[in-house]
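Count along the sequence shown from 1, add 25, and you get the number used in my numbering. Built from N, CA and C at the ideal position, the CB exists for glycine as well.
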Amino acid sequence: MGSLLAKSVTLRKDVKITDEEFSQLRDFIYAQTGIYIGDNRKYLLENRLANRLRDLNLKTFGEYYYFLRYDPSRKDELNRLFDVITTNETSFFRNPPQLKVFQDIILKEIIAAKISKGDKSLHFWSAGCSTGEEPYTLSIILHEVLKQEIDSWKIKITANDLSASVLKSAKRGIYTPYALRTTPPNIINRYFKEIGNEKYQILPQVAKYVEFVQLNLSDKFQVKRIPKSDVVFCRNVIIYFSEEVKKNVISYFYDNLQPGGYLFLGHSESLHNLSRSFKPIHHPGSIVYKKE
Ligand SMILES: C[S@@+](CC[C@H](N)C(=O)[O-])C[C@H]1O[C@@H](n2cnc3c(N)ncnc32)[C@H](O)[C@@H]1O
């Protein structure tokens, strides 16, 4: 009996994805999210989805695909699938040279332009915000630049992600020292509350400007609901998309930005071959893309 059980566990663990099932799932994921899973990630998908098959008591990846397409609870499963296929690596103050350009040059330029027009509103968009470190970093930088003046501004940072579970964690706003590994200690002291057990909670004054929304960047109609932005941060997200989806998403950002607004991409990403609408501006440590 014991060995039979062990055998059935082994069998479950060993469910293999066939080439056909992989293509089917890959096309489905691509159509749903814009994320393209290359052949070299076939086994990663197989491993990452093994638990889902086990939990749902399914015997093949074909059955799983069918479940995703037709089961009454497919919406919940789709959310689980998004959690499984997305890479959510992030941290506070990620890529400090780029954020320095944002803080010292771009933000100051935008603030001066707004003041000259008598408009004291700012809207930033963190597209693909993962567990919240990026939008909270932007809010901290706004506090650093505007200081006590911040209360006289109308500020909103829209933060979105495909994965519902990262957004849940973002809203809690509790982090480990690892998430703060590139954050200056004086910033940690001023904008976080240590809540014991090596955990840090973002202060309400920082969190209040950030609004988290679940959104699929490859869905034009969902993206259209985002208010016009002064700056879009979409760092380390488009690398997962196909060329076609990258081009579309970049054009959605262009349409979303206010004239004179800026797009920031991740340090290994660029608009090369994707868009000629933006003006690339080279700063030490970072290229930023301006909508003129
Ligand atoms: C590697 S994280 C980057 C987080 C943050 N921007 C940074 O640079 O630290 C990429 C995030 O993009 C999200 N993502 C991937 N595809 C998406 C899509 N189609 N729509 C919205 N978010 C997506 C993932 O869920 C993930 O949390």
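Apart from sequence neighbours up to five positions away, the residues of its chain that approach residue 264 with a beta-carbon distance below 8 Å are 291, 293, 294, ordered along the chain.
Classified as buried, residue 204 has 16 or more neighbouring CB atoms from the shown chains inside 10 Å of its CB. Per the coordinates, the alpha-carbon of residue 238 lies some 25 Å from the alpha-carbon of residue 131. Within a 10 Å sphere around the beta-carbon of residue 185 sit 16 or more other beta-carbons, which makes this residue buried.
The Cβ atoms of residue 161 and residue 235 sit closer than 8 Å to each other.
Residue 200 has 225 as its beta-bridge partners, per DSSP.
Contiguous beta strand (DSSP E) elements confined to the segment 234–314 occur at 235–239, 254–259, 282–290, 304–308, taking only those with 3 or more residues. One alpha carbon belongs to residue 224, the other to residue 191, and they sit about 17 Å apart.
In the DSSP assignment, residue 186 is bridged to 239. Relative to the non-hydrogen atoms of ligand 1, the Cβ of residue 52 never comes closer than 7 Å to any of them. For residue 151, the pairing in a beta bridge is given by DSSP as 184, 258.
For residue 40, the closest C-alpha among the options 56, 71, 66 is that of 71. Within a 10 Å sphere around the beta-carbon of residue 95 sit fewer than 16 other beta-carbons, which makes this residue exposed.
Residue 112 counts as exposed, since fewer than 16 other C-beta atoms from the protein chains shown sit within 10 angstroms of its C-beta. Residue ranges of uninterrupted alpha helix (DSSP H) with 4 or more members, entirely inside the segment 71–107 and ordered along the chain, are 86–95. The three-state secondary structure of residue 48, taken from DSSP, is helix. In terms of Cα proximity to residue 129, the closest of 110, 107, 163 is 163. Approximately 7 Å separates the beta-carbon atoms of residue 207 and residue 119; this is inside 8 Å, confirming the contact. Between residue 229 and residue 196, the alpha-carbon positions lie close to 11 Å from each other. Boundaries for residue 174: no alpha helix (DSSP H) harbours it, and the DSSP string shows neither H nor E there. Where residue 134 is concerned, the enclosing alpha helix (DSSP H) starts and stops at 132–141.
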